[in-house]
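Just so you know, the sequences run in chain order A and B. Anchor point for the first sequence: position 136 equals 140 in this note's numbering, and the numbering is continuous, going up by one each time. Anchor point for the second sequence: position 135 equals 137 in this note's numbering, and the numbering is continuous, going up by one each time. Here's the structure, in structure tokens; my notes come after.
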Amino acid sequence: MTEVDHAQNDRKVIVRYRDVKKAFGDNVVLNDLNLNVHEGEKVALIGPSGSGKTTIIRMLMTLEEPTEGTIEVDGEMLWHKEVNGKLEPADEKHLRKVRGKIGMVFQQYNLFPHMSIIRNCTEAPIHVLGLSKEEATERAKQMLEKVGLSDKVDMYPSQLSGGQQQRVAIARSLVMQPKVLLFDEVTAALDPELVGEVLEVIKDIAAEGETTMMLITHEMDFARDVADRVLFLDNGLIAEHGTPHDVIENPTSDRLKSFLGRFNSSHA
Amino acid sequence: MTWDWAFAFEIFPRILEGVWITIGATVAAYAISLTLGLVLTLLRRSSFKPLSLLVAGIIEFIRVTPPLVQLFFVYFAFDMGPFLTGAIVLGVHYSTYVSEVYRSGINSVPKSQWEASKALNFSKAQTWKKVVLPQAIPPVIPMLGNYLIVLFKETPLLMGIYVMEMMMIARSIGAESYRFLEPITIVGFIFLVLSYPCALFIRYLERKSGQLPGSAEKGVKA
């Protein structure tokens, strides 16, 4: 399959998937993925469940190991190390070094329930990045302000609504200043009336520009607004890709047409 | 045999002296079981298969042999003195039960918490210390407390290797005076007086556990 890389060729490639395959036993979920993501680019991944889109970002977060192929982050192999010109599986130390450039927001927020909101946002900056408590608190407060929750710093996750928890999760990942931020269906677990507040926050962050984003979403309007490029995954392959205009407004394949159609009817 | 109050009052202080040995052995054995139990749990989760299998085997072996046999074995195999032998053997024996308690606590922490820790790039050690154990331990504190009481009640076993705990003293009083009713009853009474408040406290902890921090009554969930 040809490499999917036509947008923004002038910008540096920050994530490069090369011949990546992922199988769970006999079940191949991702086939021969070749994909470049450029610095600052916002890529939306759409497609039916089981199409492989979640696997793409989970491999980048090192939650899932590719069966074959390589992934590069910022010029460095993620799952491999080059030793004397040969590729060897990366050890935990190497994984940790490269993983530091990636952040992720999860469908179920995954906040730490035993920590206050502010500690959720400062624990990693202090102990992973080595910031002082003051610096980390300062940075965390800025981010909580950005997501509109600066008045909740001393509360606990269980005291917040789902939408608020997800905004905290976004702030928590932003405090780490990742180069690439992954969003895994971050509104799928929310009550419909809480979806908007979370999408607004993500749009604001996207508008600031510098962070590279890969977003899995079922919100087509959101994908259209926020993404530079949309990938339609089907059966472990990138079946269609291009600008939101190309993919969402003018789908060519029957598969994508029926996917979008199903979508609109269920969300009418 | 009729109850002799005067005799009971006479021997009470002597038996009470043994209570410190009983409590000392309990505390020492409990400290060993809490610490070693955690170590066993973590080793058992090692991704190095031979190690985790070995640890699982050791745990199984300790659990299926009677503590009294273990006491005699260690007492005669190693020359450590009765008290130390008793504390170590009971501690090691109960560490296998405590390890099971820790294991259930750790398994109750959702996989998503591990994934969130990875996404924030915590090291393995930081993930354990900051994320997993603080969520795994509080819910099992009542169960751990139960083992404290069980362990406490198990200390009369130590008279088998001549530790001068309450039961040992009671038995020697009986042997001297041919009166067993009073000393044994007194020992039972002291055990009751000490265990019952502990049991009540654990029941209180059980009621409290399951509540997340910040939620006064029941957590508010979206």
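We put the beta carbon where it would ideally sit given N, CA and C, even for glycine.
**Q.** Counterpart residues of residue 88(A) in DSSP-defined beta bridges
**A.** Position 84 of the first sequence holds residue 88(A). BP columns for residue 88(A) are empty, so no partner.
Q) Taking just the CA atoms, how far does residue 149(B) sit from residue 201(B)? A) Your numbering for residue 201(B) matches position 199 in the second sequence. Your numbering for residue 149(B) matches position 147 in the second sequence. Distance between the alpha carbons of residue 201(B) and residue 149(B) is about 11 Å.
(Q) By the 9 Å beta-carbon criterion, what residues does the segment 159-177 of chain A contribute toward chain B? (A) 159, 160, 161, 162, 163, 164, 165, 166, 167, 168, 169, 173, 176 and 177
(Q) For residue 160(A), report the span of its alpha helix (DSSP H) as first-last. (A) Here residue 160(A) corresponds to residue number 156 of the first sequence, with the count starting at 1. Neither: residue 160(A) is in no alpha helix (DSSP H) and is coded neither H nor E.
Q | Any alpha helix (DSSP H) of 4 or more consecutive residues that is wholly inside the segment 34-110 of chain B | A | 51-66, 69-79 and 84-109
**Q.** C-beta neighbour in chain B for residue 112(A), strict 8 Å
**A.** Walking along the first sequence from the start, residue 112(A) turns up at place 108. Interface residue, yes.
Q) What first and last residue would you give for the beta strand (DSSP E) that runs through residue 239(A)? A) Numbered from its first residue, the first sequence carries residue 239(A) at position 235. From DSSP, residue 239(A) is part of no beta strand (DSSP E); its letter is neither H nor E.
Q. Going along chain B in order, which residues have a C-beta closer than 9 Å to the C-beta of residue 116(A)?
A. Taking the first residue of the first sequence as 1, we reach residue 116(A) at position 112. Residues of chain B passing the Cβ test: 115, 118, 119, 132, 133, 136 and 137.
(Q) With a threshold of 8 Å, are at least 3 pairs of Cβ atoms found where one atom belongs to the segment 39-57 of chain A and the other to the segment 207-220 of chain A? (A) yes
Q) Can residue 42(B) and residue 98(B) be called in contact, C-beta distance under 8 Å? A) Within the second sequence, the letter at position 40 stands for residue 42(B). Within the second sequence, the letter at position 96 stands for residue 98(B). Cβ atoms of residue 42(B) and residue 98(B): closer than 8 Å.
Q: Report the rounded CA-to-CA distance for residue 7(B) versus residue 91(B), giving the unit in angstroms.
A: By one-based count along the second sequence, residue 7(B) stands at place 5. By one-based count along the second sequence, residue 91(B) stands at place 89. Approximately 37 Å between the Cα atoms of the pair.
Q) Helix or strand or just coil, what does DSSP make of residue 165(B)? A) Walking along the second sequence from the start, residue 165(B) turns up at place 163. Coil, per DSSP.
Q) Measuring CB to CB, does residue 146(B) end up less than 8 Å from residue 103(B)? A) Within the second sequence, the letter at position 144 stands for residue 146(B). Within the second sequence, the letter at position 101 stands for residue 103(B). Result yes, Cβ atoms of residue 146(B) and residue 103(B) sit closer than 8 Å.
Q) Which two residues bound the contiguous alpha helix (DSSP H) that contains residue 196(B)? A) Here residue 196(B) is taken as the residue at index 194 of the second sequence, counted from 1. Start and end: 183-210.
Q) For residue 94(A), which residues in chain B fall below 9 Å Cβ to Cβ? A) As a first step, residue 94(A) must be located in the first sequence, where it is residue number 90. Within 9 Å Cβ-Cβ: nothing; residue 94(A) doesn't reach chain B, min ~14 Å.
Q: Give the range of the beta strand (DSSP E) segment to which residue 20(A) is assigned.
A: If you number the first sequence from 1, residue 20(A) lands on position 16. Per DSSP, residue 20(A) belongs to the beta strand (DSSP E) from 17-28.
Q: Could you name the residues of the segment 57-82 of chain A whose beta carbon sits closer than 7 Å to any beta carbon of chain B, in the order they occur along the chain?
A: 65, 66 and 67
Q) Is the Cβ-Cβ distance between residue 169(B) and residue 189(B) less than 8 Å? A) Locating residue 169(B) in the second sequence gives position 167, counting from the first residue. Locating residue 189(B) in the second sequence gives position 187, counting from the first residue. Going by C-beta atoms, residue 169(B) is nearer than 8 Å to residue 189(B).
(Q) Residues in the same chain with beta-carbon distance under 7 Å from residue 244(A), minus the five sequence neighbours each way, listed in chain order, please. (A) Here residue 244(A) corresponds to residue number 240 of the first sequence, with the count starting at 1. The answer, listed in chain order, is 236, 251, 255, 256, 257 and 260.
Q) Would you say residue 191(A) and residue 178(A) are within 8 Å of each other, going by their C-beta atoms? A) Locating residue 191(A) in the first sequence gives position 187, counting from the first residue. Locating residue 178(A) in the first sequence gives position 174, counting from the first residue. Not in contact: residue 191(A) and residue 178(A) (Cβ atoms no closer than 8 Å).
Q.
What would DSSP say about residue 215(A), mapped onto helix, strand or coil?
A. For the purposes of this step, residue 215(A) is taken as residue 211 along the first sequence, with counting starting at 1. Looking at residue 215(A) - three-state DSSP - the assignment turns out to be coil, as it is neither helix nor strand.
Q | Below-8 Å beta-carbon distance, residue 124(B) vs any chain A residue | A | Here the question's residue 124(B) lines up with position 122 in the second sequence. Interface residue, yes.
Q) Between the segment 68-80 of chain B and chain A, which residues of the former have a C-beta closer than 9 Å to a C-beta of the latter? A) none
Q.
How far does the beta strand (DSSP E) with residue 108(A) in it extend, from its first residue to its last?
A. Counted from its first residue, the first sequence places residue 108(A) at position 104. Segment 106-109, the beta strand (DSSP E) holding residue 108(A).
Q) Using 8 Å as the limit for Cβ to Cβ distance, is residue 277(A) near chain B? A) Missing from the structure shown is residue 277(A); chain A here goes from 5 to 272 and no further.
Q.
Does chain B have any CB closer than 8 Å to the CB of residue 157(A)?
A. For the purposes of this step, residue 157(A) is identified with residue 153 of the first sequence, where counting begins at 1. So, not an interface residue.
Q | Three CB pairs or more closer than 8 Å across the segment 128-137 of chain A and the segment 134-145 of chain B | A | no
Q. Alpha carbon to alpha carbon, what distance is there between residue 163(A) and residue 198(A)?
A. Taking the first residue of the first sequence as 1, we reach residue 198(A) at position 194. Taking the first residue of the first sequence as 1, we reach residue 163(A) at position 159. The alpha-carbon atoms of residue 198(A) and residue 163(A) are separated by roughly 15 Å.
Q | For residue 58(A), the first and last residue of its enclosing alpha helix (DSSP H) | A | Along the first sequence, read from residue 1 onward, the residue named residue 58(A) stands at position 54. First-last of the alpha helix (DSSP H) with residue 58(A): 57-64.
Q | Inter-residue spacing [alpha-carbon to alpha-carbon] between residue 79(B) and residue 87(B) | A | In the second sequence, counting from the first residue as 1, residue 79(B) sits at position 77. In the second sequence, counting from the first residue as 1, residue 87(B) sits at position 85. Going by the C-alpha atoms only, they are around 10 Å apart.
Q. Between residue 93(B) and the rest of its own chain, which residues show a CB-CB distance below 6 Å, the 5 nearest in sequence each way excluded?
A. In the second sequence, residue 93(B) corresponds to position 91, counting from 1. Taken in chain order, the residues that qualify are 31, 34 and 35.
Q. Closest to residue 13(B) by CA distance: which of 181(B), 207(B) and 111(B) is it?
A. Numbered from its first residue, the second sequence carries residue 13(B) at position 11. The shortest Cα separation from residue 13(B) among 181(B), 207(B) and 111(B) belongs to 181(B).
Q: Using a Cβ cut-off of 8 Å, pull out every chain B residue sitting near residue 128(A), in sequence order please.
A: Within the first sequence, residue 128(A) is the residue found at index 124, counting from 1. Under the 8 Å cutoff, chain B gives 122, 123 and 124.
Q) To the nearest angstrom, how far is it from the Cα of residue 158(A) to the Cα of residue 148(A)? A) Within the first sequence, residue 158(A) is the residue found at index 154, counting from 1. Within the first sequence, residue 148(A) is the residue found at index 144, counting from 1. Between residue 158(A) and residue 148(A), the C-alpha separation is close to 12 Å.
Q. If you drop the 5 nearest sequence neighbours on each side, which residues of the same chain put their C-beta closer than 6 Å to that of residue 231(A)?
A. The count along the first sequence starts at 1 and reaches residue 231(A) at position 227. Cβ neighbours of residue 231(A) beyond the five flanking positions: 46, 48 and 248.
Q: Sort 189(A), 36(A) and 59(A) by Cα distance to residue 111(A) and report the nearest one.
A: Within the first sequence, the letter at position 107 stands for residue 111(A). It is 189(A) whose Cα lies nearest to the Cα of residue 111(A).
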